[in-house]
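Participant: Here the sequence shown stands for residues 472 to 1374, where the numbers follow our numbering.
Heads up, the beta-carbon is just placed ideally off N, CA and C, and yes, glycines get one too.
Owing to the predicted nature of the structure, the values given are computational and were not obtained by experimental measurement.
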Amino acid sequence: MYILCNEEPLWMSKCLSIGGPLEYKGSWKKTTLSRLGLCSENDENLQKPRQFDGFNSLYLYRRWYRCFTSLSSFSFDDGHVERKDDLLLNQFRSQYDGKGPVLLTKLAETWPARTKWTVQQLTKDFGEVPFRISQRSPQKITMKLKDYVSYMQLQHDEDPLYIFDDKFGESAPALLEDYSIPHLFQEEFFDILDYDQRPAFRWLIIGPERSGASWHVDPGLTSAWNTLLCGRKRWALYPPGRVPGGVTVHVNDEDGDVDIETPTSLQWWLDIYPHLPEHEKPLEFTQLPGETIFVPSGWWHCVLNLETTVAVTQNFVNQSNFQHVCLDMAPGHRHKGVCRAGLLAVPGNSVKDNENHPSVPMSGWNHPDMSRKEKRFKGSESLSTSNSINHCSAFEFSGVQESLENQEFSYDIGFLSQFLEKERDHYSSIWSPTNSLGQREAREWLRRLWFLKPELRELVWKGACLAINVDKWYSCLEEICACHNLPLPTEDEKLPVGTGSNPVFIVSGNVIKIYAEGGLAYSVHGLGTELEFYDLLQKSGSPLINHIPEIIASGFLEYEDDIYRTVPWDGKGMPDVLVKHYPLEVSYANSCFPLGLWSKQRFGTSSSPDVSNRPIWPYMVTRKCKGDIFARIRDVLSKTDILPLASSLGVQMRNIHLLPLPHMEHVPKSGNSDVKDCDDAAVLPEWQQLVSTLNRRMKNVKKHLANWGNSVPQALIEKAEGYLPPNMDFLIKFVKDDGDLVHLLPSWIHSDIMDDNILIEGITESSSFSNSKGSYEADPEKMNAIHIIDFSDLSIAGDPLCDIIPLHLDVFRGDTDLLREFLRSYQLPLLRGQANTDIYKSVKNSKFSRASYRAMCYCMLHEDNVLAAIFSLWKELRAATSWEDIENLVWGELNRYQESCTP
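Okay, here's the thing in C-alpha cells:
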C-alpha cells in the first residue's frame, strides 16, 4: 500500500486538480504537499524513501520503463509521407489539400523563429511569462517558462506535461513577429470573425522527450499545419474513418459530443504499435527542424517527441474542408461518428474502405484493407484489449442503413451528409458542446461569409444547408412571401439574420420569423401568446405600441405530400390545420385566444408530450423597426451614449409591467407532478408555474448549481440550501398583522430582454459588415428612440425582477449607473399589490421582501447559467464566502430603489 500510495502519477493527478500557477519541486508528491501547504521545503520525511525487499509488480515495472526509456535511438527515415521543398498553390490544392498529408521542408527558411526559438533563447526572452500547459484536469494550469524548463530537466514522468498554449500571442505577442503563415495555408474562413469570437486556432508547443499528442482528429474537422523549430518528432497518421488500434470513440447520442479514449502517445508506440500487422500500421515519418507537416481534415494523427522540441501549429478552414466543418457543426451523433470512425460506427454492416481515398502514394501500406470491420476486430483480439474496438452509440439509420450494405466508406461530403439525422431540426436543436462554434456564432459566421465573400456564395450556401438546414427554411420563406404577396428574397436576403433560436429573414423591409424553437406545442403557444399581447396593446392604447414591431401577417406552414402550404391565423380560434395535428388537450378552446397566455401557462406545467411528427411551423411577418441591434454596436458606444438607452428601457419596461393581464378563466386541475409543490389555497393560480418550478429546482439546488460545472465555487454550492427560503412562495405572499395573506400582483414578463432584442436609433456606421469594429457616430437626441422585439417568450412569471435580471447582467453588463438610470425612469415599486400600503406593512423587516434577496434567489434557480455571467462580470466574487456578499454587491442598488418607493 505504501508503494502504491507513493506512485508519482497519483500525486501528479492530485496536484493538477488544484489548478492555477504551478512550480515543480522535483517530485509530484512534494509539489502537491507544497501547494497544499502541508510540508516545508526541507521536510525530512520527503528525503527518506523506504526500501522493500521481495516486492515486484509487472505493472509498475512497465510504467517505470516508460518513465526512463530513451527515444534517442529512433533514426531518421523517409517514412511514408512525401517530402517536398515547396509547392505551388495550385499543386497543393489539386494533389494534397483534402486528399493526404505532405511534408514541406523549406516553408520556414526565412522565419526569425528558425534561429530564435531554442529553449535557451526563449527562456532568456520569456522566462517570466506564464504559458498554458496541456490539460490534464478541468482546471487551467500555467507555468512560467523558466519553471517549465526546470521541470523538463528534472522530470521522469511517463507522460510529461508540455506547453500547448493557444493564447501565446496574448501573453508573448513578440512571438507572433517571428513567423508567418505559409503561403499555402493563408485562406482562412474563421478570420472573418473578430479575434475574441474565433475558436482556438494557433498553439505554441514545447515538450520534452516522451511527451506528445495522443491519437486525435483535429477539432471541428479543420485542417492543420505544424512547423517544427527545434528537436525531432515522430508522427503516425491514419486516413479519415480509420480508428487506430487501442483507441475508443464515444459519441453522445443526445448532443453529439465526441470523446476519444486513447493511450498516451508513448504507450501506444511502445505497447500497441509493435503488435500491429504490417498492413495495419499507420503512415509514419520523423519531422526534423524547419519542416512543416500538412494534416488534412479528418485525418487521425499521433505525435511523439523524440527529444525536447519547440513547434508552432495552426488550424484553418478553407474551401477544401469548409463543408466538412459545417457538417460537423450540425446537431446529432450519427454523422459525427461516421466522420471519425467510418462505417465501424454503423452496426451490422460489413464495410471496406474506399480504394480511391486517399490518392497520395503509400508505399508498404495495403490501404484497401485498412478499415475493414472484420480486420479491426481481429486486430483488437490480437492485442487482448477491448479498448481497440471503436465503441460508438448504437445508431438507428432507418432507410440509410439498408442502402449501405455494399457501400465503401468515403470522406466525400455527399457520402457523409447522408448520415445527418433528418428528423432533427438543425437550426434549433442542441449543438455539441465541443463544436468549434456555438449555434449563434455559427449563424453569424455564415452570414459574414455570405456578404464578405460573394464569389463563394455557392459554397457558403452548401455549408449553411448542412449546418442550419437553410434550404428548408428558405423554401418556407418563399411560400410565405408568395402567400402574402411579398417580394421574393434577393440574393443578399437568402440567409437568416440575428442570433435567436428561430429562423428570421429580412425581405424588403419585412421581418419574417418562423417559430422552430421547442417543438410544435411550444412554438404554437409562442405565436398565440404574442398575438394576444399585440391585441391587448391595441385595445389598451398602451404607448408601448410605438416601440414594438407592426404585425403584417401570421399563420402556419404545413409540409404535406412534398408541398408547402400556408394557413393564415390571427391567434383567434382553433385553425383546422392545428386540430388535425395538435396532440395536446386545449383547456381554453372556447376563449378568444385559445393558445394564448393562459393556455401557455398550463402548457408550461403540463407533462403531456408533443408527439406530432408532422412538419408544421407557425410564422409571423412584421415591419422592420428602425435602428440597429444593440448587441452589434454596443462595444463602440461609450457609457454616455448608453445612458439614454437605459432611461428609455425603464419607460418601456414600465409600460410592459403595467399592462393588464387577460381575463383568466378557471384552470382545470393539472395532473402534472410539478404543480403539487404548490399549495393551491395559498398561492394564486397566476403564480403556480413560477413557484412550483423554483421549488422543484430548490429541492435539488446543489445538483442544479453543480450542473454549471466550474461556474459556481464549490464552497458557495454547499451554502446554497441555507441561503434560499424554505418555500419559494415566501417571495410572493406575505402575512399582515391580522393574519390575512397579501399577494404580489403578477406582471407580463418579456423573459428575454437581452442586447440582441433591443434596437436603438441614432447610430450611423461606415459599413454593415466589417472585420474590424468599424466607425460609428451617435446622435444623442435620437438615442432614446428604441424598439423591443421578440415577444415569443412572454409569460406571467409575475415578478418584474425576472426582467430586470437580464437587463442588468446582459444589457448593462453590471454597470450600476446604467441600472440606476433605468430605475429612475421605471418608477414602479418592485413590490406591488392590490393595496401597496398593505404590502409594505406586511414585509417590513422581512428578508424575503428584500429586492436584492429575491433577485439573488431567482439567479440561483434560473434555468440558464445566470451565475456564470455574475462571476464573469465581478471576478472578485469567486472568492466570496457567502451568498449575501454576492447579493449586496450585484443587487444592492435595488434595495435603495425599493426604499425610495416605500410610502
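1. Could you check which residue in Cys1330, Pro583 and Ile1034 has the C-alpha nearest to that of Ala645?
2. Span of the alpha helix (DSSP H) holding Tyr898?
3. Mind checking which residues open and close the beta strand (DSSP E) that includes Asp730?
4. Rounded C-beta distance between Val982 and Lys1095? I'm assuming under 8 Å.
5. Taking all protein chains shown into account, decide if Asp524 is buried (16 or more other Cβ within 10 angstroms of its Cβ) or exposed.
6. Just list the alpha helix (DSSP H) runs in the stretch 891-964, keeping only unbroken ones of 4 residues or longer that don't cross its boundaries, in chain order.
7. Can you tell me whether Thr581 is buried or exposed, with buried defined as 16 or more other CB within 10 angstroms of its CB?
8. May I have the straight-line CA-CA distance separating Leu1301 from Asn1228, to the nearest angstrom?
9. In angstroms with no decimal places, state the Cα-to-Cα distance between Asn973 and Ile985.
10. Is the Cβ-Cβ distance between Asp636 and Trp588 less than 8 Å?
11. For Arg1168 and His1175, I'd like the C-alpha separation in whole angstroms.
12. State the start and end residues of the unbroken alpha helix (DSSP H) segment that holds Lys1189.
13. Counting along the chain, where does the alpha helix (DSSP H) carrying Asp618 start and finish?
14. So what does DSSP say about Lys704, is it helix, strand or coil?
15. With a CB to CB cut of under 6 Å and the five nearest residues on each side skipped, what residues in its chain are close to Phe1283?
16. Along the beta strand (DSSP E) that carries Trp674, what are the first and last residues, could you check?
17. Do you know how far the Cα of Thr502 is from the Cα of His795?
18. Rounded to the nearest angstrom, what separates Asn825 and Ser881 at their Cα positions?
19. Whole-angstrom Cβ separation of Ser1118 and Glu1292, contact assumed at under 8 Å?
20. Going by other Cβ atoms of all chains shown within 10 Å of its Cβ, with 16 needed for buried, is Ile1034 buried or exposed?
21. With C-beta atoms as the reference, is Leu1360 less than 8 Å away from Ile1257?
22. With C-beta atoms as the reference, is Leu887 less than 8 Å away from Val809?
23. Can you name, in chain order, every residue of its own chain whose Cβ lies under 7 Å from the Cβ of Asp1261, other than the five neighbours on each side?
24. Can you tell me which of the three DSSP states Ser1353 falls into?
25. Using the DSSP secondary-structure output, state which residues sit across from Met1331 in a beta bridge.
26. Mind reading off the beta-carbon distance from Thr576 to Glu762? Whole number of angstroms is fine, and I expect it under 8 Å.
27. In the DSSP output, which residue or residues are listed as bridge partners for Cys602?
28. At 4 residues or longer, what runs of the alpha helix (DSSP H) sit wholly inside the stretch 637-666?
29. Given a cut-off of 8 Å on the beta-carbon distance, is the pair Leu442 and Val931 in contact?
30. How many whole angstroms separate the CB atoms of Asn776 and Gly678, which I take to be in contact at a CB cut-off of 8 Å?
31. Residue range of the beta strand (DSSP E) that His687 falls in?
32. Give a yes or no on whether the C-beta atoms belonging to Pro1086 and Tyr1030 are separated by under 8 Å.
33. Taking its Cβ as the centre, do 16 or more other Cβ atoms sit within 10 Å of Thr961, making it buried, or is it exposed?
34. In three-state DSSP terms, what is Ala1158?
35. Taking the alpha helix (DSSP H) that Cys486 falls in, what are its first and last residues?
36. Restricting to Cα atoms, I'd like to know which of Lys1346, Ala1322, Leu1332 and Arg1349 is closest to Tyr1368.
Facilitator: The structure says:
1. Pro583
2. First-last for Tyr898: undefined, no H or E at that position.
3. Val729 to Glu732
4. 5 Å
5. exposed
6. 910-923, 928-939 and 941-954
7. exposed
8. 23 Å
9. 6 Å
10. no
11. 7 Å
12. The sequence as given places Glu at residue 1189; Lys does not occur at that position. Where Glu1189 is concerned, the enclosing alpha helix (DSSP H) stretches over Gln1185 to Glu1189.
13. Leu616 to Leu625
14. strand
15. Leu1289 and Leu1290
16. Arg673 to Gly678
17. 44 Å
18. With a pLDDT of 40 at Asn825, under the threshold of 50, the modelled position of that residue is not reliable, and no figure is offered here.
19. 5 Å
20. exposed
21. no
22. yes
23. Gly971, Asp1223 and Asn1228
24. coil
25. Met1331 is not bridged to any residue.
26. 5 Å
27. One detail in the question is off: residue 602 reads as Phe in this sequence, not Cys. For Phe602, which the question treats as bridged, DSSP gives the partners Met614.
28. 639-642
29. The question about residue 442 has no answer here: the residues shown for the chain are numbered 472 through 1374.
30. 5 Å
31. Gly683 to Val688
32. yes
33. exposed
34. At residue 1158 the sequence reads Trp, which differs from the Ala that was named. Looking at Trp1158 - three-state DSSP - the assignment turns out to be helix.
35. Glu479 to Leu487
36. Ala1322
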